[in-house]
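> If you want the working numbering, it's the position in the sequence shown, counting the first as 1, plus 4.
We treat Cβ as the ideally placed atom computed from N, Cα and C, and that holds for glycine.
Being a predicted model, the structure only gives us computed values, none of them experimental.
Let me give you the structure first, and then I'll get to my questions.
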Amino acid sequence: MRIPAAILALLLLPAVSLAGEEGCGVCHGAERLRHEQSVHRSGGLTCVSCHGGDPSAVESAEAAHAEAKGFLGRPSRAQSALFCGTCHSDVGRMRSFGLRTDVLEAYRSSHHGKAVLERDDPDAATCLDCHGSHDVARVMDPRSPAYRSRVPATCGRCHGDEAMMKRHGVEATAPRDFAGSVHGRRLAEGEPGVPNCASCHDAHAAAPPGSGEVASVCGACHRDALEMFRRSPHFAVSLRGEMKQCVTCHGNHAVGLPDYDLFDRPPPKDADPNRGTGCVSCHDIADAGDRGGVVAAALGKGFRETDAKLRDAKARVDDVASRGFFVEDERESLAQARRELVQAVPLAHTADLPAIQLALRRSHSFVDEALVGVEGKIREERDRRILGSFGALVLFVIAGFLALRRRRPAAGTA
Ligand code: HEC
Ligand code: HEC
Ligand code: HEC
Ligand code: HEC
Ligand code: HEC
Ligand code: HEC
Ligand code: HEC
Ligand code: HEC
Ligand code: HEC
């Protein structure tokens, strides 16, 4: 009797020494390994923090899983959101780690939280879908599914799933449209400051922004555009719910590089409204009675003319430079003209025709300055050449004259 007991004690020794902390890991090796790598291990969490049970009872599952010790078993999706969220709302607990404490509150208000907590929905996202369970990592850690550049794939796993989205009456186009957008491409290239899905929707409060909120979502980064849009007649229109602010013209997920076609080209008939349209979708550019249409047509024409003028002038300056002229001043004027044009572009959001035309005229005047400069240099060169040829001619005549004079007396003596 004594010997087997001693052997048993020996066998149990490594397990018992673990018991205070991770006794559960004796039987659950896989979970223990993942937990050891997670941020929660460094935060002092053990299996019991989330599951309850008796970590010192390593001899049998029944003892370890005792209900009397508060064992919860495998939590349901709703339960896990509540226990992750409750701890993460605990200001006392979170303060020393500098973590926000509003995630559960935000999650409850989201379409995800409502579906999971109120309707026990099996599809909608919980904390686990975006952070993992045993392998939770810091969101700044590239291993986390919530890491900046991994967010589109994390959301996309569900939001690109046609069948799942159909069940909920949500379009499944967001991940694909976003991946092809200016934002998506720049994010994939690792550019800082570019939005992912969570920047516009908030990871925890996830909901589509309402038509009156879009501008502030986009405007968090595009401040100039926001301020100018607020000054335009369209701001009031959008507050009446007749325009989805930025999204009306630029689209939400498929934001592309804007061009002058936004002013005066009608979108194709079967165009997807989520991709944005332009002035023509609301104004008639052929109707002199539609002030918006008149302005849109004038802006399209004005921007294209300025751009074309700049391009022609640049070609002219390059050509003159290739002939060996020094054109640094003219290049500087063109750069200034380009800057004026670039600064005129966001003014489009004010729809203030006189202000934009003024900016375009400033660009024109710098182009003119450059052209006057190069033409002046060419003229000077030509004058110099003419003068040069004239000088050469005079010299030639004098030389001829002298030669004749020298030959004449020679002939006389002969
Ligand atoms: C002696 C081995 C043993 C120990 C110790 C043990 N478990 Fe288990 N555990 C099992 C086995 C076997 C199962 C699968 C069968 C079952 O559901 O009971 C299981 C299942 C579970 C499940 C899934 C339950 C479900 O409803 O699917 C959880 C959660 C769990 N254990 C947590 C713990 C925690 C926490 C501890 C420590 C307090 C612990 N276990 C200690 C053997 C053990
Ligand atoms: C931060 C909270 C947390 C901690 C800490 C934690 N778990 Fe879990 N565990 C969960 C959640 C949430 C689930 C449900 C996962 C799911 O549904 O995908 C789970 C599921 C399980 C399951 C069931 C797995 C299955 O596939 O059915 C076992 C077993 C388990 N945990 C054991 C452990 C053990 C052992 C530890 C300690 C090493 C531990 N857990 C630490 C939150 C935690
Ligand atoms: C739909 C995906 C998603 C869901 C659901 C989700 N999160 Fe997050 N979470 C993220 C993303 C993305 C970030 C990083 C960006 C941010 O902070 O908004 C983040 C950040 C965090 C952070 C770090 C906050 C900080 O202070 O830096 C914590 C903690 C967190 N989440 C906990 C939770 C908890 C708890 C739940 C469940 C109640 C949850 N999350 C649900 C995606 C999600
Ligand atoms: C018992 C309290 C507790 C529970 C339950 C809990 N956490 Fe945590 N969590 C913490 C603490 C403490 C930290 C900070 C650890 C550190 O920074 O070292 C943390 C850190 C995190 C972080 C990293 C934040 C960052 O970027 O720095 C995320 C994400 C997170 N938890 C998500 C979850 C999820 C998801 C669950 C549920 C599966 C969960 N937590 C359950 C206490 C808890
Ligand atoms: C695990 C699957 C899953 C993940 C991951 C997920 N979602 Fe969802 N999401 C859903 C489901 C399902 C719904 C529909 C819920 C409902 O029925 O109201 C939804 C709803 C939404 C809605 C509201 C749509 C509407 O018109 O009602 C938004 C916005 C949203 N999710 C954004 C996100 C973002 C952003 C992420 C990533 C940070 C994300 N989701 C991650 C499954 C997911
Ligand atoms: C640049 C900001 C921005 C980014 C980035 C963004 N969204 Fe959106 N999203 C919006 C706006 C604005 C709307 C509402 C558009 C509307 O009302 O027409 C929207 C709508 C949605 C909807 C609701 C669609 C419906 O059918 O009801 C879902 C779901 C969604 N986005 C998911 C995502 C996912 C997933 C990602 C990342 C792949 C993402 N969004 C990235 C701005 C953004
Ligand atoms: C988190 C910050 C952020 C948010 C939010 C954001 N953007 Fe952007 N946006 C950027 C960055 C960064 C670029 C890339 C600038 C570059 O590389 O030229 C960009 C590029 C663009 C461009 C192309 C402009 C150009 O000429 O490069 C447009 C148009 C645009 N965003 C519109 C929007 C709209 C509309 C929304 C809201 C639905 C939005 N953005 C939300 C940061 C943001
Ligand atoms: C009524 C249509 C319309 C609305 C609404 C609109 N834009 Fe624009 N946006 C344009 C046009 C037109 C251009 C200029 C295109 C060009 O000249 O190349 C532009 C250009 C831009 C650019 C590029 C600017 C640059 O300097 O290159 C950004 C960024 C942008 N918009 C963001 C926004 C944001 C953010 C909002 C909401 C606050 C918004 N837009 C609302 C039509 C619109
Ligand atoms: C979603 C529809 C919509 C789009 C797109 C749109 N507008 Fe408008 N616009 C309106 C409405 C509605 C009014 C207000 C008309 C009124 O109050 O009489 C308006 C007013 C204007 C006005 C002031 C008209 C006046 O009577 O003083 C101008 C200028 C204007 N828009 C120019 C533009 C330009 C330029 C674009 C493209 C960059 C554009 N709009 C795109 C709907 C739109």
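(1) When you compare the region 240-257 with the region 208-226, are there three or more beta-carbon pairs, one atom per stretch, that lie closer than 8 Å?
(2) On a Cα-Cα basis, can you pick out the residue from His-208, Ala-61 and His-287 that is closest to Asp-133?
(3) Could you check whether the Cβ of Cys-204 sits closer than 7 Å to any heavy atom belonging to ligand 3?
(4) If I follow the unbroken alpha helix (DSSP H) through Glu-40, where does it start and stop?
(5) Compare the Cα-Cα distances from Val-331 to each of Asp-288, Gly-380 and Arg-389 and report the closest residue.
(6) Which parts of the region 92-163 are runs of the alpha helix (DSSP H), unbroken and 4 residues or longer, counting only runs that do not cross its ends?
(7) Leaving out five residues before and five after Phe-370 in sequence, what residues of the same chain have Cβ atoms less than 8 Å from its Cβ?
(8) Classify Asn-278 as helix, strand or coil using the three-state DSSP reduction.
(9) Is it a yes or a no for the region 232-242 touching the region 353-364, going by three-plus beta-carbon pairs under 8 Å?
(10) With distances taken from CA atoms, which of Cys-28, Cys-91 and Leu-76 is nearest Ser-64?
(11) Return helix, strand or coil for Leu-14, following the three-state DSSP convention.
(12) Looking at the unbroken alpha helix (DSSP H) that takes in Glu-336, where does it start and where does it end?
(13) How is Arg-365 classed by DSSP in three states: helix, strand or coil?
(14) Determine the burial state of Ile-289: buried for a count of at least 16 other Cβ atoms within 10 Å of its Cβ, exposed for fewer.
(15) Starting from Val-186, trace the alpha helix (DSSP H) both ways and give me its first and last residue.
(16) Quick check on DSSP: helix, strand or coil for Gly-293?
(17) Just to check my reading of the structure: Ala-82 and Asp-124 have Cβ atoms closer than 8 Å, yes? What is that Cβ distance to the nearest angstrom?
(18) Closer than 7 Å: is that where the CB of Val-251 sits relative to any heavy atom of ligand 6?
(19) Just mark Glu-334 as buried or exposed, buried being the case when its beta carbon has 16 or more other beta carbons within 10 Å.
(20) Between Val-107 and ligand 3, is there a pair consisting of the residue's CB and a ligand heavy atom that are separated by less than 7 Å?
Taking the coordinates as given:
(1) Yes, the region 240-257 touches the region 208-226.
(2) His-208
(3) no
(4) 33-41
(5) Gly-380
(6) 95-99, 107-113, 131-135 and 155-163
(7) If we look at Phe-370 and ignore the five residues flanking it on each side, its Cβ neighbours are Ser-337, Leu-338, Gln-340, Ala-341 and Glu-344.
(8) In the structure shown, the three-state DSSP call for Asn-278 is helix.
(9) yes
(10) Cys-28
(11) Residue confidence for Leu-14 is low, a pLDDT of 36 falling below 50, so the modelled location carries little weight and cannot support an answer.
(12) For Glu-336, the enclosing alpha helix (DSSP H) starts and ends at 332-351.
(13) Arg-365: helix per DSSP, three-state reduction.
(14) buried
(15) 186-192
(16) coil
(17) 6 Å
(18) yes
(19) buried
(20) At least one heavy atom of ligand 3 is nearer than 7 Å to the Cβ of Val-107, so yes.
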